[in-house]
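Protein chains in written order, with this note's numbering: chain G, 66 to 387; chain C, 2 to 305.
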Amino acid sequence: MIATESLSKRFPRVTALDRLSVDVGPGVTGLVGANGAGKSTLIKILLGLSPATEGRAEVLGLDVATEGAAIRERVGYMPEHDCLPPDVSATEFVVHMARMSGLPATAARERTADTLRHVGLYEERYRPIGGYSTGMKQRVKLAQALVHDPQLVFLDEPTNGLDPVGRDEMLGLIRRIHTDFGISVLVTSHLLGELERTCDHVVVVDGGKLLRSSSTRDFTQTTTTLAIEVTDTDEHPDGTRAVREALHARGVTVQDGSGLPGAGHILLLTAQGEETYDLVRDVIADLGLGLVRMEQRRHQIAEVFTDNTDDAQRKEAVGHGG
Amino acid sequence: MAAEQSLQAPATPSGDTRIHNIGYRSYDGPRLGRSYARMSLYSQSLRGAYGLGRSAKSKVLPMLLFVVMCVPAAIMVAVAVATKAKELPLDYTRYAIVMQAVISLYVASQAPQSVSRDLRFNTVPLYFSRPIETGDYVRAKYAALASALFVLTAAPLLVLYVGALLAKLDFTDQTKGFAQGLVSVALLSLLFAGIGLVIASVTPRRGFGIAAVIAVLTISYGAVSTLQAIADVQGSGDAGILIGLFSPITLIDGVQSAYLGATSAFPGGVGPDRTEGILFVLVTLGLIAGSHALLMRRYKKVGL
Numbered sequence: 066m067i068a069t070e071s072l073s074k075r076f077p078r079v080t081a082l083d084r085l086s087v088d089v090g091p092g093v094t095g096l097v098g099a100n101g102a103g104k105s106t107l108i109k110i111l112l113g114l115s116p117a118t119e120g121r122a123e124v125l126g127l128d129v130a131t132e133g134a135a136i137r138e139r140v141g142y143m144p145e146h147d148c149l150p151p152d153v154s155a156t157e158f159v160v161h162m163a164r165m166s167g168l169p170a171t172a173a174r175e176r177t178a179d180t181l182r183h184v185g186l187y188e189e190r191y192r193p194i195g196g197y198s199t200g201m202k203q204r205v206k207l208a209q210a211l212v213h214d215p216q217l218v219f220l221d222e223p224t225n226g227l228d229p230v231g232r233d234e235m236l237g238l239i240r241r242i243h244t245d246f247g248i249s250v251l252v253t254s255h256l257l258g259e260l261e262r263t264c265d266h267v268v269v270v271d272g273g274k275l276l277r278s279s280s281t282r283d284f285t286q287t288t289t290t291l292a293i294e295v296t297d298t299d300e301h302p303d304g305t306r307a308v309r310e311a312l313h314a315r316g317v318t319v320q321d322g323s324g325l326p327g328a329g330h331i332l333l334l335t336a337q338g339e340e341t342y343d344l345v346r347d348v349i350a351d352l353g354l355g356l357v358r359m360e361q362r363r364h365q366i367a368e369v370f371t372d373n374t375d376d377a378q379r380k381e382a383v384g385h386g387g
Numbered sequence: 002m003a004a005e006q007s008l009q010a011p012a013t014p015s016g017d018t019r020i021h022n023i024g025y026r027s028y029d030g031p032r033l034g035r036s037y038a039r040m041s042l043y044s045q046s047l048r049g050a051y052g053l054g055r056s057a058k059s060k061v062l063p064m065l066l067f068v069v070m071c072v073p074a075a076i077m078v079a080v081a082v083a084t085k086a087k088e089l090p091l092d093y094t095r096y097a098i099v100m101q102a103v104i105s106l107y108v109a110s111q112a113p114q115s116v117s118r119d120l121r122f123n124t125v126p127l128y129f130s131r132p133i134e135t136g137d138y139v140r141a142k143y144a145a146l147a148s149a150l151f152v153l154t155a156a157p158l159l160v161l162y163v164g165a166l167l168a169k170l171d172f173t174d175q176t177k178g179f180a181q182g183l184v185s186v187a188l189l190s191l192l193f194a195g196i197g198l199v200i201a202s203v204t205p206r207r208g209f210g211i212a213a214v215i216a217v218l219t220i221s222y223g224a225v226s227t228l229q230a231i232a233d234v235q236g237s238g239d240a241g242i243l244i245g246l247f248s249p250i251t252l253i254d255g256v257q258s259a260y261l262g263a264t265s266a267f268p269g270g271v272g273p274d275r276t277e278g279i280l281f282v283l284v285t286l287g288l289i290a291g292s293h294a295l296l297m298r299r300y301k302k303v304g305l
């Protein structure tokens, strides 16, 4: 769907994208990054509206530098900011936008009615947009991006400003855009948790660089890392240390769970299979300690950021908008 | 949305009335592309300039101005027919000059309506994320306002012409005058639309736009006609004529008195001659081209 090759965008004072190479297939893809990580810049380049400083990019197999108009005919875009005139109704507005995408008048009206229904706007679509709630406005913005039945939509922070319920509804809708409508989605967010639930694939950018690109399952896969927490006894005042030494003696490498909640009391080890669980159980039983927990740890997407905290902080300090 | 999906039930052959969710239908029909999108924007903006497709409230002013533009023409025709006059009380080319206040009001109210709204409500990025490009947007908006102005200024000329023919005035004379009038108002429409749009596109606030357009059009005319009067009193007629280059309405006046056989509204009724007229034509065309270039520059920046 999207392929970029060492794509760079430099402004006089800021490098917004730095040799970004990424491949995005069909499905729902999350584009994650802090504010100013280069997400919006990337979307502008992909729409063919802003030339890249170097490198190249393709959307739907079309070159963004030379075939921008053809791309924009087949792609939908939902901006982050407000973009709706308050004095027209959702129907009038979306019909106009459908025609601006090249749909003949009759088709524009039919598609508008369909699309507004699909995003969950019913009778209110005949009222002026000025009276809509934030959630309804977001739906209109989404409808205008979908009305011409694009093959791919770019959704820039679609959950911005929504309450938790509205957020869930929007995420459900985004999921349906792919599963029910068959339209691929590139959705940006700075909230990782949202994308974990919604996306098939997540691309993480930071400071204009690609941090990671992999399927959501890889991100949150159940790894064979075990977390163990034990009690202390009179015999072993520092139970954690005793377990670490005992396991070390049996040839198992153990790390402290530094950076996690309860650090200092949690040990992490890589399970080689069933026998590791038995070994841990036996070692702890031999020491006469209580096992508080032994669990498989799931990675959170957030962890990809923990290695780059310094970078993120530096960028926060620069603090330019996305 | 869950509720919507639960409606998905197989069709019943018995013909019961049931609501079916037919699900998402993809679109396989034609996509008419860039030129069609540009035309759609043009027609939407042109209709919008008369409040069509907008709220009832926004129809009031443009329609009122249109009527105000046409009523004097109707009265003149009525008088000409009733008195069996040999010619119309006012030349075709003079009509727009006399009614310039109405035209200025119309430009001031509709130019901001056309472009400031898109800027203010940030709608511009939605246009540019579609097949059209900056140039298409600018040209569609420019052409739409110029067409709207042409309708406003040519309609009363049409009333005069039809009336003149009904009054059995000389056909050749009247047709020639009418044609000259049309050329003149076409030029005027392009010039006023350009100036109005450039000013309006600078501010997302409609109120400022309206005030600024009125100010530019009336102050320039006021200043120019005052200076011309002074020059006329002091006997430097040539300087007076050249001062006419500095306001849009006197520019049009100069062009048409040099080339379109119009009587000039310049002091003493003496307009530029054919050589001086070249200057007026060049400045007029330069202003039209300049407005277009400025609009292009303005929208290059707005982008997304």
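Even glycine gets a Cβ: it sits at the ideal position worked out from N, Cα and C.
- Close partners of Q209(G) in chain C (Cβ separation under 9 Å): L127.
- Bridge pairing for I331(G): E294(G) [DSSP].
- At a cut-off of 7 Å between beta carbons, Q111(C) makes no contact with chain G.
- For V140(G), the enclosing beta strand (DSSP E) covers residues V140 to M143.
- Note that the C-beta distance between S248(C) and S258(C) is not below 7 Å.
- For V252(G) and L96(G), the gap between their C-alpha atoms comes out near 6 Å.
- Against chain C, a Cβ distance below 7 Å from H301(G) picks out nothing, because the smallest value is about 54 Å.
- Counting only runs of at least 4 residues, the region 205-250 of chain C fully encloses the following alpha helix (DSSP H) elements, listed from N- to C-terminal order: 207-234 and 238-244.
- R137(G) sits close to R131(C), with the two beta carbons spaced by under 7 Å.
- By DSSP's assignment, L96(G) forms a beta bridge with T253(G) and V268(G).
- Residues S73 of the same chain have their beta carbon placed closer than 6 Å to that of E119(G), with the five preceding and five following residues left out of the count.
- When C-alpha distances from D321(G) are compared across R315(G), H330(G), A314(G) and H313(G), the shortest belongs to H330(G).
- Per DSSP, L91(C) is not a residue of any alpha helix (DSSP H), being assigned neither H nor E.
- If you check each beta-carbon in the region 173-189 of chain G against every beta-carbon of chain C, the ones closer than 7 Å belong to R176, D179, H183 and G185.
- Judged by beta-carbon spacing, D214(G) lies beyond the 7 Å limit of V93(G), meaning their Cβ atoms are not closer than that value.
- Residue state for D245(G) is assigned as coil, using DSSP reduced to three classes.
- Taken atom to atom, the span from the alpha-carbon of V295(G) to that of E310(G) is near 13 Å.
- Looking at A79(C), L150(C), E88(C) and T94(C), the one whose alpha-carbon comes closest to that of L47(C) is L150(C).
- For the pair G208(C) and Y143(C), the Cα-to-Cα distance works out to about 20 Å.
- For the C-beta of Y37(C), the chain G residues within less than 7 Å are, from N- to C-terminus, G167.
- Where E70(G) is concerned, the enclosing beta strand (DSSP E) starts and stops at I67 to R75.
- In this structure S237(C) is exposed. Its beta-carbon is surrounded by fewer than 16 other beta-carbon atoms within 10 angstroms.
- Excluding sequence positions up to five before and after M143(G), its CB lies within less than 8 Å of the CB of K206, L207, Q209, A210, V218, F219, L220, D221 and P223, all in the same chain and listed in chain order.
- One finds H161 in chain G with Cβ atoms closer than 7 Å to the Cβ of Q45(C), taken in chain order.
- Against chain C, a Cβ distance below 9 Å from G247(G) picks out Y25 and S27.
- Closer than 7 Å at the C-beta level to chain C, one finds these residues of the region 125-148 of chain G: A134, R137, E138, Y142, P144, H146, D147 and C148.
- Sequence-distant Cβ neighbours of G133(G) in its own chain, meaning closer than 6 Å and more than five residues away, are G113.
- Spatial neighbours of D147(G) in its own chain (CB-CB distance under 8 Å, excluding positions within 5 residues in sequence) are listed in chain order as K202.
- Taking V159(G) as the centre and dropping the five residues before and after it, the same chain places the C-beta of T177, A208, Q209 and V212 closer than 6 Å to its C-beta, in chain order.
- L42(C) places its beta carbon less than 7 Å from that of A141(C).
- Contact check for T94(C) against S185(C) passes: the beta carbons are separated by less than 7 Å.
- When secondary structure is reduced to three states using DSSP, P193(G) falls in the strand class.
- Taking a contact to require three or more Cβ pairs closer than 8 Å, the region 164-176 of chain C and the region 240-251 of chain G do not qualify as touching.
- Taking 7 Å as the cut-off, the beta carbon of A173(G) is found closer than this to the beta carbon of A163(G).
- Put simply, the CB of D214(G) is near chain C, with a gap under 7 Å to one of its CB atoms.
- Residues of chain G whose Cβ lies closer than 9 Å to the Cβ of L89(C) do not exist; the shortest such Cβ separation is about 42 Å.
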